[in-house]
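These protein sequences, in sequence, are chains A, B and C. Per the numbering used here, the first sequence starts with residue 609, numbered consecutively. Per the numbering used here, the second sequence starts with residue 609, numbered consecutively. Per the numbering used here, the third sequence starts with residue 609, numbered consecutively.
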Amino acid sequence: MKLELLDQLRQTNPVVLNISNFVTVQDVANGINAIGASPIMSEEIAETDEMVAISSAVALNLGAFSKPQVAHILKMGQSANANHKPLVIDPVAVGAISYRKQVATDLMKQFQVDVIRGNAGEIAALADVEWQAKGIDAGSGDQDLVEIAKAAAVKQQCVVILSGETDVITDGQKVARVHNGTPLFQLHVGSGDMLSSIVAAFCAVSDGDYFEAAQTACLVFAATGELVANQLKEERPGTFAAQLMDELHLVSVADIEKIAQFD
Amino acid sequence: MKLELLDQLRQTNPVVLNISNFVTVQDVANGINAIGASPIMSEEIAETDEMVAISSAVALNLGAFSKPQVAHILKMGQSANANHKPLVIDPVAVGAISYRKQVATDLMKQFQVDVIRGNAGEIAALADVEWQAKGIDAGSGDQDLVEIAKAAAVKQQCVVILSGETDVITDGQKVARVHNGTPLFQLHVGSGDMLSSIVAAFCAVSDGDYFEAAQTACLVFAATGELVANQLKEERPGTFAAQLMDELHLVSVADIEKIAQFD
Amino acid sequence: MKLELLDQLRQTNPVVLNISNFVTVQDVANGINAIGASPIMSEEIAETDEMVAISSAVALNLGAFSKPQVAHILKMGQSANANHKPLVIDPVAVGAISYRKQVATDLMKQFQVDVIRGNAGEIAALADVEWQAKGIDAGSGDQDLVEIAKAAAVKQQCVVILSGETDVITDGQKVARVHNGTPLFQLHVGSGDMLSSIVAAFCAVSDGDYFEAAQTACLVFAATGELVANQLKEERPGTFAAQLMDELHLVSVADIEKIAQFD
Chain A
609 MKLELLDQLR QTNPVVLNIS NFVTVQDVAN GINAIGASPI MSEEIAETDE
659 MVAISSAVAL NLGAFSKPQV AHILKMGQSA NANHKPLVID PVAVGAISYR
709 KQVATDLMKQ FQVDVIRGNA GEIAALADVE WQAKGIDAGS GDQDLVEIAK
759 AAAVKQQCVV ILSGETDVIT DGQKVARVHN GTPLFQLHVG SGDMLSSIVA
809 AFCAVSDGDY FEAAQTACLV FAATGELVAN QLKEERPGTF AAQLMDELHL
859 VSVADIEKIA QFD
Chain B
609 MKLELLDQLR QTNPVVLNIS NFVTVQDVAN GINAIGASPI MSEEIAETDE
659 MVAISSAVAL NLGAFSKPQV AHILKMGQSA NANHKPLVID PVAVGAISYR
709 KQVATDLMKQ FQVDVIRGNA GEIAALADVE WQAKGIDAGS GDQDLVEIAK
759 AAAVKQQCVV ILSGETDVIT DGQKVARVHN GTPLFQLHVG SGDMLSSIVA
809 AFCAVSDGDY FEAAQTACLV FAATGELVAN QLKEERPGTF AAQLMDELHL
859 VSVADIEKIA QFD
Chain C
609 MKLELLDQLR QTNPVVLNIS NFVTVQDVAN GINAIGASPI MSEEIAETDE
659 MVAISSAVAL NLGAFSKPQV AHILKMGQSA NANHKPLVID PVAVGAISYR
709 KQVATDLMKQ FQVDVIRGNA GEIAALADVE WQAKGIDAGS GDQDLVEIAK
759 AAAVKQQCVV ILSGETDVIT DGQKVARVHN GTPLFQLHVG SGDMLSSIVA
809 AFCAVSDGDY FEAAQTACLV FAATGELVAN QLKEERPGTF AAQLMDELHL
859 VSVADIEKIA QFD
């Protein structure tokens, strides 16, 4: 765990380029901003190469899934590879909708992803493990989460983050687990999308160690959410969303170290 | 009024599928989440049937009104009918823009809606009653709101919710009115869109009684807004929006019963 | 500076039509609503003329930059001209992406803009002045901001607002500067987009004096943000965003006069 990456991120203010889920796009941009990076969003394929050129990392959210967006995702993924920019994918709802799984699988044959971040149902789908997914939620199942994450990482040859009560981060061999967090993340649509783009921001300052970047981003995000939740007397998803932005901006490495729980 | 539907909704956590207004999509997803259902959003027509299959109700917001979206709305409405899923329509701005009224009218000939939720100007347009509408607002007029709502319900053969200071809910014969609410709803863009999708969530657990579902959803939403407004000393639309999410999650049947005003 | 325009705006409640940045669209709609105008948003070119007809001002945000949106922007700009509605442009990221600059430049040859609102990097690009821009941020540079704004105003024959720590407003000859504000605006994505649409709302009640409208809108917005920031003990971007909506609704001319700093 390299928490000093948070300070580096804030000093270098990397530009994170996003094709973003239309549902959560403003939240994601604000989250990137709050943590200390600089968001840029695009909907137009003609500006892809220029956008990639000025960016330090790319996050592609497969919740943006109309056909023009899929073409855009393909081009941006390939451009990120060609320009050696770290590439993070959030495979929204591939566990619930077979059409999404098929398109996502096709896409990932055409570029090399560095980090995939999804919930258990999504990661299981990418690993071809049976799993019950329901809507955007994680679903439930009996498989061991670490094994699912490892299988997906081996299959896709990248770092995998399986988000949940415990975040599992693996490169297929090494495994880290982050135990911080709060159930309020699940009550706020866009928490996962925001984490995916924050992972990209950490990759931008990681000097190529995406396993380290991924676990640090998970710890920072989960611990920040927990700090906010600890200040609330009740489960207040609206207040949580606003204060999560506050705390992403204010949280320090020392604050996180005090409550960090990982192995 | 069947307030126990709120508890049923929270126990069964129905999936509500939305084609959503691009202006308010995150708010709508968060509102569905907060009340206790599970949102899923789509922009791609190829995944329509699969999405409908995993959903318990469908909400189509005509604020999403580009031509590809209209084609998507048509297909999703027909798929909802074919799969016997309750179908709610929010006819955004059909009272102000004749192009929207024409497209909406055409759409509703091609599938059968279960509930329409709109403001006075929108419902009047669908009932072919003269009414002055201005922008997204309700406009003002002299016609009796109950008669307008009834006329629209008879014409479209469905339940109609005419939202406003008083919500009028009718199946064309029976009429319910909800008197709770707060002017802050009008100051927050997306309140109406959110209500429409929450109506769909209640329809999902209503065992086919959409008149009951519609009025209960209106009471829950209006009373929740009123509870939030009562805690604010001034008209604070931004704070209201955040706390509305909080209270949709926290509000109980007993809280609502204490202030419920309907007939 | 004509602060009485704020009261006029609230009395007449002008409809502001927007082609809006997909990233910030709900925030912009809520901001227009909060200040006392009435927002209407569109994504469909077929409804352009009808939408312009019911509007009192038009704001086109070039963050909406897919090809269908650019066609829509062109048509709406031309319709605004033909119908003598004030036209405000926000040239998002034209300083960072040459493709955007080229498309924006082409667009502005095909309709006449009344006000352009951008950051230093964006305005410099439109004035053909060298400037370093990074992502959506302003970048930094040595040129004198007033000269850049003047050059852009002369080139585009319109009023230019160069937003930043100090807002520079010019018609190419006369110059006003607004010194109010807060760094929190930069931490909240969408502050600039919101200001652009609020400028359009002030133009709607300005009786054609767009230089006056532009500087008054800047003062109202900057001072409102400053009032909110003064109540916060720390830099809280999420809380700031919610309370900015509150204060846009609550702020009075007298409140603004107390802290106004301009020349």
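For every residue, glycine included, the Cβ atom is placed at its ideal position computed from N, Cα and C. Every value quoted in this text rests on a predicted model; they were computed, and no experiment measured them.
Its Cα nearest to that of C/D779, the residue C/C766 stands out among C/L858, C/C766 and C/A654. CA-CA distance, B/S674 to C/I653, rounds to 8 Å.
Residue environment: B/E612 is assigned as exposed (fewer than 16 neighbouring CB atoms within 10 Å of its CB, all protein chains considered). With contacts defined by Cβ atoms closer than 8 Å, C/A704 and A/I662 form a contacting pair. C/D635 carries a helical assignment under DSSP once its states are collapsed to helix, strand and coil. The beta-carbon distance between C/F630 and A/V633, rounded to whole angstroms, is 6 Å. This is short enough to meet the 8 Å contact definition. Looking at the DSSP output, B/S674 sits in no beta bridge, so it has no partner there.
Using a 10 angstroms sphere on the CB of C/E865, the tally of other CB atoms stays under 16, which defines it as exposed.
Residue contact check for B/D615 against chain A: no CB pair falls below 8 Å. Scanning chain A for C-beta atoms nearer than 7 Å to the C-beta of B/M649 yields V631, reported in chain order. Taking CB atoms only, B/A637 has a neighbour in chain A less than 8 Å away. Those residues of the segment 647-681 of chain A placed with their C-beta closer than 7 Å to a C-beta in chain C are P647, I648, M649, E651, E652, A654, E655, E658, M659 and I662, ordered along the chain. By the rule that beta-carbons nearer than 8 Å mark a contact, C/L856 does not touch chain A. Not a single C-beta of chain C is nearer than 8 Å to the C-beta of B/P699. Here A/S687 carries a helix assignment [DSSP, helix/strand/coil]. Rounded to the nearest angstrom, the gap between the Cα atoms of A/A849 and C/K717 is 42 Å.
Sequence-distant Cβ neighbours of B/P699 in its own chain, meaning closer than 7 Å and more than five residues away, are L670, A712, I724, G726, E730 and L734.
Within chain C, not a single residue places a beta-carbon under 8 Å from that of A/L695; the smallest gap is close to 18 Å. If the five residues before and after B/L792 are omitted, its C-beta is found closer than 7 Å to the C-beta atoms of G833, A837, E843, P845 and F848, all from its own chain and listed in chain order. Its Cα nearest to that of C/G685, the residue C/D714 stands out among C/A862, C/V768 and C/D714. Leaving aside the five residues that flank C/V861 on each side, the residues in its chain whose CB is nearer than 8 Å to its CB run, in chain order, L611, E612, L614 and D615. Of A/C826, A/M649, A/I640 and A/T774, the smallest CA-CA separation from A/H680 is found for A/M649. Taking a beta-carbon distance threshold of 8 Å, A/Q686 does not count as an interface residue toward chain C. The shortest CA-to-CA distance from A/T790 to any of A/A830, A/K782, A/L803 and A/E820 is the one to A/A830.
For C/M649, the pairing in a beta bridge is given by DSSP as C/N626. Residue state for A/N621 is assigned as coil, using DSSP reduced to three classes.
From the beta-carbon of A/A728, no residue of chain C is found nearer than 8 Å; the closest lies around 28 Å away. Here C/R708 carries a helix assignment [DSSP, helix/strand/coil]. Within the segment 749-830 of chain B, the runs of alpha helix (DSSP H) at least 4 residues long that lie entirely inside it are, in chain order, 753-764, 792-795 and 799-812. Taking each of C/V859, C/V768 and C/K709 in turn and checking the Cα distance to C/D736, the smallest one comes out for C/K709. For A/M853, at least one C-beta of chain C is nearer than 8 Å to its own C-beta.
Per DSSP, the beta bridge partners of B/R725 are B/I769. The closest CA to that of C/A784, considering only C/E738, C/D863 and C/F819, is found on C/F819. Shortest Cα-Cα distance from B/E655 to any of A/D775, A/M802 and A/A701 involves A/A701. Within the model, the alpha-carbon separation for A/L625 versus A/A667 is close to 6 Å.
Within the segment 821-851 of chain A, the residues whose Cβ lies closer than 8 Å to any Cβ of chain C are, in chain order, A849, A850 and Q851.
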